[in-house]
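**Student:**
Protein chains: 2
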Amino acid sequence: MAKNVGILAMEIYFPPTFVQQEALEAHDGASKGKYTIGLGQDCLAFCTKVEDVISMSLTVVTSLLEKYKIDPKQIGRLEVGSETVIDKSKSIKTFLMQIFEKFGNTDIEGVDSTNACYGGTAALFNCVNWVESSSWDGRYGIVVCTDSAVYAEGPARPTGGAAAIAMLIGPDAPIAFESKLRGSHMSHVYDFYKPNLASEYPSKPTGCLLNFSTFMGNNCLRQCCHHVVDGKLSQTCYLFALDTCYKYFCHKYEKLEGKQFSLSDADYFVFHSPYNKLVQKSFARLLFNDFMRNASSVDDIAKEKLGPFSSLTGDESYQSRDLEKASQQVSKPLYDVKVQPTTLIPKQVGNMYTASLYAAFASLLHNKNTELAGKRGQHPFSLSNIATVMDVAGKLKSRHEFPPEKFVETMKHMEHRYGANDFVTSKDCSLLSPGTYYLTEVDSKYRRFYAKKDGEMCCF
Amino acid sequence: MAKNVGILAMEIYFPPTFVQQEALEAHDGASKGKYTIGLGQDCLAFCTKVEDVISMSLTVVTSLLEKYKIDPKQIGRLEVGSETVIDKSKSIKTFLMQIFEKFGNTDIEGVDSTNACYGGTAALFNCVNWVESSSWDGRYGIVVCTDSAVYAEGPARPTGGAAAIAMLIGPDAPIAFESKLRGSHMSHVYDFYKPNLASEYPSKPTGCLLNFSTFMGNNCLRQCCHHVVDGKLSQTCYLFALDTCYKYFCHKYEKLEGKQFSLSDADYFVFHSPYNKLVQKSFARLLFNDFMRNASSVDDIAKEKLGPFSSLTGDESYQSRDLEKASQQVSKPLYDVKVQPTTLIPKQVGNMYTASLYAAFASLLHNKNTELAGKRGQHPFSLSNIATVMDVAGKLKSRHEFPPEKFVETMKHMEHRYGANDFVTSKDCSLLSPGTYYLTEVDSKYRRFYAKKDGEMCCF
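If you read the protein sequences in the order shown, they are chains A and B. Quick note on the numbering used here: the first sequence kicks off at 1 and runs consecutively. Quick note on the numbering used here: the second sequence kicks off at 1001 and runs consecutively.
1) Is aspartate 422 (chain A) helix, strand or coil when you go by DSSP?
2) Closer than 7 Å by beta-carbon distance: list the chain A residues that pair up with lysine 1255 (chain B), in chain order.
3) Taking the alpha-carbon positions, what's the methionine 411 (chain A) to alanine 1173 (chain B) distance?
4) Would you check whether the ligand NAD has a heavy atom nearer than 7 Å to the C-beta of alanine 1360 (chain B)?
5) What residues are listed by DSSP as bridge partners for glycine 1141 (chain B)?
6) Would you say leucine 1209 (chain B) lies against chain A (beta-carbon separation less than 8 Å)?
7) Just the Cα atoms here: how many angstroms apart are glutamate 1025 (chain B) and tyrosine 1275 (chain B)?
8) I'd like to know if the segment 422-440 of chain A and the segment 1026-1033 of chain B are in contact, where contact means that at least 3 CB-CB pairs between them fall below 8 Å.
9) Secondary structure at phenylalanine 291 (chain A), three-state DSSP: helix, strand or coil?
10) Report, in whole angstroms, the separation of the C-beta atoms of glutamate 101 (chain A) and serine 1187 (chain B), which I expect to be a contact under 8 Å.
11) Taking only three categories from DSSP, how would you classify phenylalanine 14 (chain A)?
12) Look at the alpha carbon of valine 131 (chain A) and the alpha carbon of serine 1082 (chain B), and state the distance between them as a whole number of angstroms.
13) Per DSSP, what kind of secondary structure is glutamine 260 (chain A) in: helix, strand or coil?
14) How far does the alpha helix (DSSP H) with glycine 119 (chain A) in it reach, from first residue to last?
15) Classify isoleucine 301 (chain A): buried if its beta carbon has 16 or more other beta carbons within 10 angstroms, exposed otherwise.
16) Are the beta-carbon atoms of histidine 185 (chain A) and cysteine 145 (chain A) separated by less than 8 Å?
17) Determine the DSSP secondary structure at glutamate 1153 (chain B), reduced to helix, strand or coil.
18) By the 10 Å Cβ neighbour count, where 16 or more other Cβ atoms means buried, how is asparagine 294 (chain A) classified, buried or exposed?
19) Enumerate in chain order the residues of its own chain whose CB-to-CB distance from lysine 1277 (chain B) is below 7 Å, with the five nearest sequence positions on each side excluded.
20) Please report the distance separating the alpha-carbon of asparagine 1211 (chain B) from that of glutamine 348 (chain A).
21) Find the nearest neighbour of threonine 1121 (chain B) within the set B:Phe1291, B:Ala1166, B:Lys1090, B:Ala1149, judged by alpha-carbon distance.
22) Alpha carbons only, please: which of B:Ser1057, B:Tyr1335, B:Asp1112, B:Ala1326 is nearest the one belonging to serine 1264 (chain B)?
23) In the DSSP assignment, what are the bridge partners of leucine 449 (chain A)?
24) Would glutamate 1079 (chain B) pass as a contact of valine 1053 (chain B) if the rule is Cβ separation under 8 Å?
25) Consult DSSP for glutamine 41 (chain A) and reduce its assignment to one of helix, strand or coil.
26) Who are the near neighbours of serine 398 (chain A) in its chain, counting only those whose CB is closer than 8 Å to its CB and skipping five residues on each side?
27) Determine, using beta carbons only, whether leucine 1148 (chain B) and threonine 114 (chain A) come nearer to each other than 8 Å.
28) Starting from aspartate 1322 (chain B) and walking both ways along the beta strand (DSSP E), at which residues does that stretch end?
29) Please name the residues in the segment 35-60 of chain A whose beta-carbon is closer than 8 Å to at least one beta-carbon of chain B, in chain order.
30) For proline 1205 (chain B), is the classification buried or exposed, using 16 other Cβ atoms within 10 angstroms of its Cβ as the cut-off for buried?
31) If you drop the 5 nearest sequence neighbours on each side, which residues of the same chain put their C-beta closer than 8 Å to that of serine 1426 (chain B)?
32) When the Cα of glycine 1464 (chain B) is compared with those of B:Ala1326, B:Glu1011, B:Asn1351, which residue comes out closest?
33) Going along chain A in order, which residues have a C-beta closer than 7 Å to the C-beta of threonine 1114 (chain B)?
34) Run through chain A and tell me which residues come within less than 7 Å of aspartate 1107 (chain B), C-beta to C-beta.
35) Please identify the residue among A:Glu66, A:Val61, A:Lys255 whose C-alpha is closest to the C-alpha of proline 380 (chain A).
36) Does alanine 162 (chain A) have its Cβ less than 8 Å from a Cβ in chain B?
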């Protein structure tokens, strides 16, 4: 079996167009700090009329192949995670096949995985499993997470965002999976869903179906995937799911490693990030879990501050604002070390659904690649080269700020155009970087056409 | 690594309500034989107002677990293949989690796979890979294929159908996969797609995006998955995709086995079956492929009849009606032996999209379980027990025939109701068998509620 299977390389793309949360706050007449401190967000990136989840994924996959000089024939699997449905039957993966068909490679397995923000993680697990299975033919896999999170005007709108991430999967990876150390929690709930097929907006925009954490230690990823459990009290359910997941994870860790797991056993924690405040709350909740289990990592100050809450029932503990405050306070020093380095892109771009967790992970590589333990991975597949190639700082720096009015106008236009056919776009790609794909036309038969800026036309 | 991973058990469900193709022909004013001989179909099963892809999958998974006495805690992965989108974000898999949550099992990986009819096969491959990977925790996987194929009034309507299939996946299976012997062909084409999210009907209803064949020999499945390639000449493209796939497959076979593959090397061929006529044409095309490659299986009569077509270019060969006729004629004796036993359910039920291929496979088990070579699999996971449990004959026998008028009326009702909320159904489950789930309500928040006939209420 292939060893140390995981992420060999990564590329990230987010639209170069964004709005400042501070400006949006003022524009919306919200109280000062509501979006920046209340949600913990800095900026919100969004697709203009010429971008969508397909163009973003064409851009990011092409860029990954080019920057790492990967022959498209060397790809044997291609999977997409997304919850931005453009067609109910034709997968986003088939659009990406254009890149490979040109080189005569059509023998590529993999489809689209759909399950709210968890679809990208499911795709990633599938791809890793493929490399470890007897089906593997020695070629690389690619996993793409692509989503555009847009919300109707109202309190949820500032939690939007958009991005696509591509990951190259294979053995001997600098970022390997410890697949035995994984806890999942999934249940049937109506917290986040999109049943109105004629609208791009979700039904209950304030919740998020899934959280998902990655613990990073010794260059190994350990996962904990969880769903939010109910519509009524979204946060209660979110925390319940987090708890359940963490319990599954800790139980498996203890069985395999013969000792308790606690926050001190991982160098970094990467969370799904619909907005940064939820990441802070989630990490605080894990510390409370450690405290309740009497895990060794909890220091005396935390024990003292959390002591008064030890007799709460589960339900009470989810409702207690005092506990929330106290646990956030005592977890702050650990958060700054183990979580803060993962928050750059999610705070700058916003919620990216399937791509969100991996954008947080990309932030960590950006900030800490030289310090991360473990020396697996040879050039070009090393952590420092991944960080160089992603060039997060350069991408953030070259963005174009939109005033809130122009952002709102774009959203209105997209609302009206949603599901439409028989139109050409402005083809205005002046704000896009060279190499970026953009939408040029949706014809009367709903067929979508894309072009590449400063490059050859898309192969239609 | 786990050995002989594959299908341990199967269950199939199709709605008990159907229309005769002969009656539909007359009702539609079509020429006699247009649906029965032209398409090769006998009947068309359809969901009435109380059934949908979710209820069918709840029914089939529950039945699989009950009939094989599988503890729901013993399931570690659950995947769904479907192209019948009910929600853009919430997966069908989460609905099925109700079955497992009751037993305290929420640590179950897997999501929905979307890629036209290929979604079910992708889910199956993922599940087999999981069992072979380091992520496997020793539990079973379940793969569900569930679809309802409905078409607007017109020539495509008789190619509808509906069904759900559940397969239990694990090691030491009576139906094992030979994962190295698999050819895929996927490309970016607009042959079959559903971009109008507000309608249940596909955009170009006469094509089918994907064909997919399974070769069965020595109880091993060898696969060949292919997409149709273009909208204009659907059949040309279908055959091109079939050719490409078969070439990939034969190439891999020859590399691994050191000899040419030909039709004589497999006992049975199972095809995706949008309608039976396409299955006949596909098998004939494979024989033509063997002839062109000079494969040993082609007999002298075939050589003589196909000789005149050997100088055709690829394009010409797809257009030639004479070749189509000649190859169908010479492949008929082989078809009767190697394909006909797989056609019962697809002809009786119609197109089932993701479930279609596995319904054909179920037909083969139904017809040939005692004769199939290979003795792998212990009770209850034996081919003969799978056939007994599926009880295809019993299920077909207990169906209720609808006159075409009533079928059309049902379709109209479903059209109007599509995407709607805030309604209760008739809850009339008089035609359903005990144990069948049915839709009772979609509330104002689009939440869907189901009940089980003659059983406990669904856990809401």
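The C-beta atom is built at its ideal place from N, Cα and C for all residues, glycine as well. Just so we're clear, the structure is a prediction, and the values are computed from it rather than from any experiment.
**Tutor:** In terms of the structure at hand:
1) In the three-state reduction of the DSSP assignment, aspartate 422 (chain A) falls in the coil class.
2) Ordered by position in chain A, no residue passes the 7 Å Cβ test against lysine 1255 (chain B), which lies about 11 Å from the chain.
3) 52 Å
4) This structure does not include the ligand NAD; it has no bound ligands of any sort.
5) Bridge partners of glycine 1141 (chain B): B:Arg1077, B:Ile1169.
6) Since pLDDT at leucine 1209 (chain B) reaches only 31, below the 50 mark, its modelled position is unreliable, and the value read off the structure follows with that caveat. Yes, leucine 1209 (chain B) lies at the interface with chain A (some Cβ there is under 8 Å from its Cβ).
7) 15 Å
8) no
9) helix
10) 5 Å
11) Coil, per DSSP.
12) 25 Å
13) Looking at glutamine 260 (chain A) - three-state DSSP - the assignment turns out to be coil, as it is neither helix nor strand.
14) 119-132
15) exposed
16) no
17) Looking at glutamate 1153 (chain B) - three-state DSSP - the assignment turns out to be coil, as it is neither helix nor strand.
18) exposed
19) Gly1038, Leu1039, Gly1040
20) With a pLDDT of only 38 at asparagine 1211 (chain B), under the threshold of 50, the placement of this residue in the model should not be trusted; the figure read from the coordinates follows. Approximately 44 Å, taken between the alpha carbons.
21) B:Ala1166
22) B:Tyr1335
23) Correcting the residue identity first, residue 449 (chain A) is phenylalanine in this sequence and not leucine. Note: phenylalanine 449 (chain A) sits in a beta bridge opposite A:Glu441.
24) no
25) In the structure shown, glutamine 41 (chain A) falls within a coil segment according to DSSP collapsed to helix, strand and coil.
26) Pro16, Ser433
27) Note that residue 1148 (chain B) corresponds to serine in the displayed sequence, not to leucine. No, Cβ-Cβ distance for serine 1148 (chain B) and threonine 114 (chain A) is not below 8 Å.
28) Segment 1321-1338 is the alpha helix (DSSP H) holding aspartate 1322 (chain B); no beta strand (DSSP E) there.
29) none
30) Unreliable positioning characterises proline 1205 (chain B) in this predicted model, as indicated by a pLDDT of 32, which lies under 50. A coordinate reading is not provided.
31) Same-chain partners within the cutoff: Lys1049, Val1050.
32) An answer regarding residue 1464 (chain B) cannot be provided, because it is not within the stretch 1001 to 1460 covered by chain B.
33) Ser91, Val111, Asp112, Thr114
34) Ordered by position in chain A, the residues that pass the 7 Å Cβ test against aspartate 1107 (chain B) are Gly183, Ser184, His185, Tyr248.
35) A:Glu66
36) no
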